[in-house]
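In what follows, a structure is listed as structure tokens, so that the remarks can point back to it.
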Amino acid sequence: MSRRYTSIIVIVVLVAVLIVLRALGFMTFQRRGWQTVASQFQADSVTVRAQRGSILSDEGRVLVSSTPEYQLVFKYRDYTRARNEQLERDSAVRANLDTYAKGLHRLLPDQPAAEFRTLIDGALRKGDANIQAGKRTGLYTNLYTHGTKRLTYNRYKEVKAFLDSCNREFLHASTSRGFTFDEVLIRKNAYGLATRTLGRWNEQTARPRDGIELAFDSVLSGTPGLSHRRKVMDTFAEYVDVPPRNGCDIVTTLNVRIQDIANKALRDQMEEQNADLGTAIVMETRTGEIKAIVNLTRQKGEFVVGQNIALNQPIETGSIFKTASILAALDDGEVTLKDSVDTYPFSRHFYGYGISDDSKREPWKTIPKILKYSSNVGTMTVVDDHYVKKGKAEAFLNKLLSFGITENHHVIPGAATSKLKTPAQLKNWKGEALWMAVGYGISVTPMNMVAFYNAIANGGKMMRPRLIKEIQHDGHTVERYDPEVVIEAIAKPQAIADITECLISVVNSDHGTGVRAHSDRFLIAGKTGTAKVDEHGQYAGRWLNFIGFFPADKPEYTCGVFVYRQAGHVGAANGGGTMSAPVLHEIAERVMAYEKTLEVEDLRDSLAILIPDVKPGNIAAADLVLDELHIKDDSLRPKETLFAEADKNHPRLTDTDHVPNVVGMGAKDAIFALESCGIKAHLNGVGKVRRQSAAAGSDKRKGMTVELYLK
Amino acid sequence: MSATAKKSKKKSFLLKLITGDVLMHPWVKRQMGLIVLVVCLVVLYEGNRYGSQLETVKIQRLRADIIDLQNESVALRNELMQKSLQSNIERRLGDDNPLRPATAAPIVIEK
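As you go down the protein sequences, you meet chains A and B in turn. Okay, so the first sequence: first residue is 9 according to the numbering used here, each after it adds one. Okay, so the second sequence: first residue is 11 according to the numbering used here, each after it adds one.
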């Protein structure tokens, strides 16, 4: 072997040894540093986020879904590492401040250009101060401070494209420097409706706060997957090892249109009447499906997301509870609709406490009139005479409980429970049962009261209020929630029919407390209720309520409206009949207009007899029309030809020497008749000829003009 | 075999490996077909691996596009839904407009 070849071999071996030594160095002394570098090029067991499921309406419209939104910020890096880059950027942005400000204002018009200018300028000054002070920490300035303070995805793309183009032009850089976007994954309530019921989302913790979001969190969130990342060519490739299982979608019973109608009706009334809290529930009578659930809280004139009043606010219901008390007496056979109660002088003392009626009409009231006028004295007298005085106060309580008023419906987990009086309370003081009978001293959620009225509307069958229809995964049903009967019959059919009649009279008879809910289009039944609220012995405000169902003869929906106005807030409406009944009226008419379509046949009045009114005149034309209509009744056809012979195509006058009788004719026939005789006609008015100026049968004169008066 | 002889054999093998004489070894000659096959398979494997990486990058890009379009459609849908609510349309039209929401059911005249 030649010396030269040997020396090459030696060099190769030396290089190999050096490589091995270097590798040993990487593996020992420089291990940590190189591991950090390696981790930038690959990552194992990376969690793949599962997509959170959406919340849908009854028609499958998306009510809540996940979507990213962005904060537009001006960001400083640690200047010691990128000082030159930062200084270059600052000078470019400063020089083109107006272009940036105007461009951003064009894309985000709700924030003035001057404000963008001030904020960007302020951010640059802060950056200068940072450099002067030698601070190493980064700085953020939020540049978009109006509206939601965040950009939707599409707006973000537009703003990003604009900033990128500016950077390319002014900085000759392809990426946004300074101007950056912080992504926030939010849950967007597409319609902004039923916020409390659907649930709120905590963006800081990325966790649900309440409502369906929280109750069905495990179903909505899905299961995350696993992946590993490798550097491939110039980019990173993500290899999914365990695919994520996306969350299920929740299909609710809410109907967007009905929810919008209820929301608007309640909102408008609360604004007009200066109310503080309000809730409206619309329930489908047959199934118990909640079609709308509105919760509104008003603070300093602005509507804010407040509490879920419908489900979490047990209240003293006031007079809407009288329906339950009277139903109890009807179902027990203690009273009939014909029984009367003396309520004069419209105030009375029961066991040491006085009560009075607002309405001073009709001292002797039948049972329907007790409800119609919402008589406290009447209701208490019925309960006192038939239960308390007979020592059956507990039986009265048990009867009320048997109506399912305190049933926990678990509409969503965590909803408040309702309570009536306890047997012990009834034993302590006899007046307790009477106050309960008019809706005081109890604690019932609006949802429970609506469910009770819905049972009346449903012929006595109490359905469980339902908010969730089914759970779906990728469009396939995973679990279905069917309508559930809570109580097959809360009362006997006759008692239900009687109480329905009473509730119809509340809305549809003169001086009924609920007349403002009346509709000319269909029958509404319901009951008003006003309950004063005391806090620490002081008057704090009042609940002004109304619950009804419609159409009362064949109920399809039950609706409850509950509005609270605190003491000191002034408004014209001070009772359930003036505050909440109009809201129900509005909801009912618009929901029925939306839900229903009528056929022409529906409009036909079966009592009306459709007989054409045949004018005297062209008999051939009248015959043709009557034949086409298949009307065989000859009595309708003109009996006297008077002046003409009928010929289908050529009517001919028989007498042209005298003025014809044209009374009863239409204008066309009258003119034809007169002009055939050589007489001019002058028309006054429209319709049939009622009077003619020249008498019929009189001789005609040359150049004669006859005035015709039509009506 | 003595220890010196063993050492000399090892040394000579190393030299053979470096000089390439090992390719002339009868065992290597015998297995040449296999070695060529393995090399071919390695080339194929690398080629496929590169191809799959290209595919992966493409899939990655398409996935990003899908997410982009998804986000875009969700944002647009949310915006349109909010605007199309009847109450919002009424509010935008103002009180002066002659249009009023229907309070009577529509009548189907002809199907």
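In this text, a Cβ means the ideal position worked out from N, Cα and C, and glycines have one as well. This one's a predicted model, so the numbers in the text were calculated from it and none came from an experiment.
When only Cα atoms are considered, Ala114 (chain B) and Met600 (chain A) end up about 7 Å apart.
With respect to Gly467 (chain A), Ile504 (chain A) sits close: the two C-beta atoms are nearer than 7 Å. At the C-beta level, Ile479 (chain A) and Val101 (chain A) stay beyond 7 Å of one another. Within chain A, the residues whose beta carbon sits less than 9 Å from that of Arg87 (chain B) are Val70, Ser73 and Ala198, listed in sequence order. In this structure, the CA atom of Ser74 (chain A) is about 27 Å from the CA atom of Arg114 (chain A). Taking 7 Å as the cut-off, the Cβ atoms of Ser333 (chain A) and Val290 (chain A) do not count as close. Against chain B, a Cβ distance below 9 Å from Met587 (chain A) picks out nothing, because the smallest value is about 20 Å.
Using beta-carbon distances, Ala560 (chain A) does not count as an interface residue toward chain B, since no partner is under 7 Å. For Ser83 (chain B), not one C-beta of chain A is nearer than 7 Å to its own C-beta.
Near chain A, meaning a CB-to-CB distance below 8 Å, the residues of the segment 90-120 of chain B are Met91, Gln92, Leu95, Gln96, Ser97, Glu100, Pro111, Ala112, Thr113, Ala114, Ala115, Pro116, Ile117, Val118 and Ile119. For Lys299 (chain A), the closest Cβ of chain B is not nearer than 7 Å. The beta carbon of Gly693 (chain A) is closer than 8 Å to those of Tyr717, Leu718 and Lys719 in its chain, skipping five residues each way along the sequence.
Here the alpha carbons of Glu297 (chain A) and Pro473 (chain A) stand approximately 6 Å from one another. The DSSP assignment places 501-516 as complete runs of the alpha helix (DSSP H) inside the segment 488-571 of chain A, in order along the chain (cut-off: 4 residues).
For Lys272 (chain A), the chain B residues whose C-beta falls within less than 7 Å of its own C-beta are Ser97, listed in chain order.
Separation of the CB atoms of Lys623 (chain A) and Asp677 (chain A) is rounded to 7 Å, and the pair is thereby assigned contact status at 8 Å. Apart from sequence neighbours up to five positions away, the residues of its chain that approach Val54 (chain A) with a beta-carbon distance below 8 Å are Leu234, Ser235, His236, Arg237 and Glu246, ordered along the chain. Leu171 (chain A) and Val192 (chain A) have their C-alpha atoms some 20 Å from each other. Checking the DSSP bridge columns, you'll see Val349 (chain A) partnered with A:Lys373. Considering only beta carbons, the part of the segment 241-252 of chain A lying closer than 9 Å to chain B consists of Met241, Asp242, Thr243, Phe244, Ala245, Glu246 and Tyr247, in chain order.
Ser355 (chain A): member of the beta strand (DSSP E) spanning Ser355 to Phe358, first to last residue. Our two residues, Val541 (chain A) and Pro251 (chain A), have alpha carbons roughly 56 Å apart in a direct line.
A:Glu324 is the residue among A:Glu324, A:Val714, A:Lys429 and A:Leu552 whose C-alpha sits nearest the C-alpha of Glu543 (chain A).
In the three-state reduction of the DSSP assignment, Tyr602 (chain A) falls in the helix class, which pools H, G and I. Measuring C-alpha to C-alpha distances from Pro353 (chain A) to each of A:Gly576, A:Tyr161 and A:Trp372 identifies A:Trp372 as the nearest.
Around Val608 (chain A), the beta-carbon contacts reaching into chain B at under 9 Å are Ile117, Val118, Ile119 and Glu120. Its Cα nearest to that of Lys168 (chain A), the residue A:Leu80 stands out among A:Asp98, A:Leu335, A:Leu80 and A:Ala131. A contact is defined here as three or more CB-CB pairs under 8 Å, and the segment 436-452 of chain A meets this definition with respect to the segment 357-369 of chain A. DSSP lists no bridge partner for Phe23 (chain B). By the criterion of at least three beta-carbon pairs nearer than 8 Å, the segment 261-269 of chain A is not in contact with the segment 545-554 of chain A. Around Ala109 (chain A), the same chain offers Ala121, Phe124 and Arg125 as residues with beta carbons nearer than 6 Å, after the five sequence neighbours per side are excluded. Between the C-alpha atoms of Glu492 (chain A) and Leu405 (chain A) there is a straight-line separation of about 25 Å. With a 10 Å radius around the Cβ and a threshold of 16 neighbouring Cβ atoms, Leu475 (chain A) comes out buried.
Chain B has no Cβ within less than 7 Å of the Cβ of Thr260 (chain A).
Using a Cβ-Cβ cut-off of 7 Å, Arg529 (chain A) counts as an interface residue toward chain B, since at least one Cβ of chain B sits closer than that to its own. Residue range Phe187 to Asn197 is occupied by the beta strand (DSSP E) that includes Phe187 (chain A).
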